[in-house]
Each structure stands twice: as structure tokens, then as C-alpha cells.
Amino acid sequence: AQGMAGMKTGSLGPKRQIHDRTYYTQLLRKKSQELVDEVAMLNKEINDIQQDNTLYMNLEKRYDSLVKTVRSLEGDLADFNLATDKQ
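Using the working numbering, you'd call the opening residue of the sequence shown number 130 and step up by one each time.
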């Protein structure tokens, strides 16, 4: 009965490393800082989008106002053109 006696038990790849408490503490600090940085970046992006939306709303109001002015001036021009055509 040969069974498992013929199998070799050589190592496959790097040995298992055992890390101490400071390793995991540093790892957690690193990951925590990455999360803080990501949240800061997202908050900046949110702020930028809000500013863009505010600017867009202001420009849209200005556009509407200018369109009304143009329509009014076009009406005045049409009136003047009619008046000059009658002369």
C-alpha cells in the first residue's frame, strides 16, 4: 500500500507571511485616507455641479429675458416698417 507515501510536499510559491498588528493598523490608515480623499473628491464634484447648475439657471433666465426683448424690438421694427411703407 503505497498511498500517500510517494507524494512530495514541496512549497508552491512564496511562504505565508505573518503580519503583526502595526501592519494592519497601517493598512487600515492607508485605506481610511483613500476613503477620505475619495469623499473629498466627490464633495468637490458635487459642489462643481451645483455651481454649474446655478450658472445654467441664471443664463437661462437671462436668455428668456433677452428673447422677450428681441421679440418686443421685432414688433417695434415691424410697426416702424408699416409706418414708413404707408408714406
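Backbone N, C-alpha and C fix where the C-beta goes; we use that ideal spot for every residue, glycine too.
Here the C-alpha atom of D149 lies approximately 54 Å from the C-alpha atom of Y185.
Put simply, the backbone Cα of F209 is about 10 Å away from that of K215.
Inter-residue distance for L206 and L188 is about 26 Å (C-alpha atoms, whole angstroms). Here DSSP, grouped into helix, strand and coil, assigns D149 to coil.
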